[in-house]
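A.B. asks: Counting with this note's numbering, you get residues 1072 to 1259 for the letters of the sequence shown. Input: one structure, supplied below.
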Amino acid sequence: GVGVGALVEEFEALGVPIKRRGALTDEYIDVIKDLWLNPDPSYQGGRFNFENLKFSPVSTRTPHTPIWIGGSSQAALKRTARVGDGWHPNRIPAADYAKCVADLEAYAEHSGRTLADITLSLRMDLDPSTPVTAASVREFIDKIQPYRDAGLAHLVVAFTSGDVPSIHDWMSAIAEEAQLENGLMRYS
């Protein structure tokens, strides 16, 4: 996945103004796609320029390895609509997710694409110290439904601690409650 980053200190350490991170990310995506797709890549851009170059390994996927764009800003949505194969925001409320999906659909159409060209994903946190009960598991699964209604196809559950036994208990309970069918959760 691709994200522009947000820590000023990281950009300062690299000598790159943080306000240039979006343009720089766009150029990185253009470069990697050119390297993957063209047997004799050449590129002329703001930061990178090359020709007479051979690149290996190339992506084994057709047309290339999927590029998922992270973030929920309008710039991230526009970038996803232009060049992303997937959209992956973190910890975004369901109403905001639905609004972003609507914006993404409009941006995709403006870019000559459709929302169907983009896998909709989400990272959702789960605190494994919450006791595993039928009610708490159902509450978590029910929390996913508004995202699914907005088009969510891929969910990453991020456990917020390293308590492996509790994580295992949660994963087992979720698996018992939800059935996987064609990669999507189906509820009992």
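Don't be surprised by glycine CBs; every beta carbon is placed ideally from N, CA and C.
Would you kindly work out how many angstroms separate the C-alpha atoms of A1206 and D1213, rounded to a whole number?
C.D. replies: Rounded to whole angstroms, A1206 to D1213 spans 10 Å at the Cα level.
A.B. asks: Using CA atoms only, rank isn't needed, just tell me which of T1133, P1160, I1140, S1113 is closest to K1125.
C.D. replies: Nearest of T1133, P1160, I1140, S1113 to K1125, Cα basis: S1113.
A.B. asks: Compute the Euclidean distance between the alpha carbons of D1188 and H1181, then round it to the nearest angstrom.
C.D. replies: Those two C-alpha atoms are separated by around 13 Å.
A.B. asks: Assign P1160 to buried or exposed, taking buried as 16 or more other Cβ atoms, counted over all protein chains shown, within 10 Å of its Cβ.
C.D. replies: Burial call: buried.
A.B. asks: With a floor of 3 residues, list each beta strand (DSSP E) that falls wholly inside the stretch 1205-1245, ordered by position along the chain.
C.D. replies: Here the runs fully enclosed are 1225-1230.
A.B. asks: For A1094, which residues in the same chain have their Cβ closer than 6 Å to its Cβ, ignoring the five residues on either side in sequence?
C.D. replies: Answer for A1094: no residue qualifies.
A.B. asks: How about W1139 and G1222: do their beta carbons lie closer than 9 Å?
C.D. replies: No; because the gap between Cβ atoms is not below 9 Å, this pair is not in contact.
A.B. asks: Could you tell me which of P1128, F1119, W1107, L1148 sits nearest to P1137, measuring between CA atoms?
C.D. replies: Closest by alpha carbon: W1107.
A.B. asks: By the DSSP assignment, the beta strand (DSSP E) with D1196 in it spans what residues?
C.D. replies: 1190-1197 is the extent of the beta strand (DSSP E) around D1196.
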